Structures are given as structure tokens and as C-alpha cells.
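Visitor:
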Amino acid sequence: MSGGSGGRCLCGAVAFSVRGPLRDVLDCHCHRCRRFTGHHMAATSVATADLDVRDPEAQLRWYRPVEDAGYGFCGRCGSSLFWRGGDTPDSTSICAGVLDPPTGLRTVAAWWVGEASDYFERSDLPEHTTEP
Ligand SMILES: [Zn+2]
Ligand SMILES: [Zn+2]
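Here you go:
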């Protein structure tokens, strides 16, 4: 766990700061996260109430491929930023690569490896075929 950090998209239109503790990073290889990120989702998570988004030009967009999941991205530069589940709106996943380093976080597990693409080289992380 870490805290007191923040991050931004590639162009800087969407920035955020985090007040509360950040969960360690989980990799998600599900087909949606794979396409959203172009590889796999490596995400931390924070209480939504502890996330302050600064988006003065209203560039943050949400794409909802299914009713219970939303992917947040910058409408100008396309950076993958957030994920939020419809049944868990109190927490927001943050794509770990958009956090300003050092994050103090570590990657602890891989989810949905059953949907990983064939080029993906397996790590020695604890793996789950779907989600635990
Ligand atoms: Zn941007
Ligand atoms: Zn996923």
C-alpha cells in the first residue's frame, strides 16, 4: 500500500491526486482490459472518495462495454486511466502506468490469464484463470 500520489494522462488534460492508500497492482488479462490498454491492465485501486480528478476541459470520457463496467480515458490523447465496476462504485481502479513514480507499489497477482493473448509471456506472479 502507498498513498499521497497522483498522476495524469499523456497530454495532461486529465490529472488526479489520491489522498488515501493505494492497493498493490493487479494485472488483468481479460479481453476487455486487453483491448482497452493495448496489452493488459496493470491497475491499483483507491476509494473513489479519495480520488480527486482535475479535468478543467472535461476530457475524461467513460466507455461502458457492458452495464456493470466503465473504462475511463482521456478524450484528447486516449490515455487509459480508470476502471470502475457498476457493483463496486466505491472503488476506482487506476491504470498504474499513469501514476507519477515512484509509486511504492508492487504487482502482486495476475487475473483472467485464461484470456491473455498468445504472445504474452507468463510471469511467476500468482495466476488466476478468471478472478479469485
Ligand atoms: Zn490526455
Ligand atoms: Zn479486466
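Under our numbering, residues 46 to 177 are what the sequence shown spells out, in order. Even glycine gets a Cβ: it sits at the ideal position worked out from N, Cα and C. Since we're looking at a predicted model, the values are computed, not measured.
Contact defined as beta carbons within less than 8 Å: I believe Leu67 pairs with Leu150. What is the distance between those atoms, to the nearest angstrom?
Guide: Position 22 of the sequence shown, counted from the start, is the residue given in the question as residue 67. Position 105 of the sequence shown, counted from the start, is the residue given in the question as residue 150. Confirmed, about 6 Å.
Visitor: Count the other C-beta atoms from every protein chain shown that fall within 10 angstroms of the C-beta of Asp169, then say buried if there are 16 or more, exposed otherwise.
Guide: As a working note, residue 169 is residue 124 in the sequence shown. So Asp169 ends up on the exposed side.
Visitor: Give me the DSSP bridge partner(s) of Ala92.
Guide: In the sequence shown, counting from the first residue as 1, residue 92 sits at position 47. Among the bridge pairs identified by DSSP, Ala92 is matched with Ser136.
Visitor: Would Gly65 and Ala92 be called neighbours here (beta carbons separated by less than 9 Å)?
Guide: For the purposes of this step, residue 65 is taken as the residue at position 20 of the sequence shown. For the purposes of this step, residue 92 is taken as the residue at position 47 of the sequence shown. The answer is yes: Cβ separation under 9 Å.
Visitor: Among Glu176, Val98, Glu112 and Gly117, which has the Cα closest to the Cα of Arg106?
Guide: Locating residue 106 in the sequence shown gives position 61, where the first residue counts as 1. Arg106 has its Cα closest to that of Gly117, out of Glu176, Val98, Glu112 and Gly117.
Visitor: Whose C-alpha, out of Ala103, Ala94, Trp128 and Arg80, is nearest the C-alpha of Val143?
Guide: Stepping through the sequence shown from its first residue, residue 143 is reached at position 98. Checked all of Ala103, Ala94, Trp128 and Arg80; the closest Cα to Val143 is Trp128.
Visitor: Tell me, please, which residues DSSP counts as bridged to Ser125.
Guide: As a working mapping, residue 125 is identified with position 80 in the sequence shown. Answer is Phe118, bridged to Ser125.
Visitor: Closer than 8 Å to a non-hydrogen atom of ligand 2 - does that hold for the CB of Arg129?
Guide: Within the sequence shown, the letter at position 84 stands for residue 129. Judged by the Cβ position, Arg129 fails to qualify as a neighbour of ligand 2 at the 8 Å threshold, every heavy atom of the ligand being at least this far.
Visitor: By how many angstroms is the C-alpha of His85 removed from the C-alpha of Leu71?
Guide: Your numbering for residue 71 matches position 26 in the sequence shown. Your numbering for residue 85 matches position 40 in the sequence shown. For Leu71 and His85, the distance between alpha carbons rounds to 10 Å.
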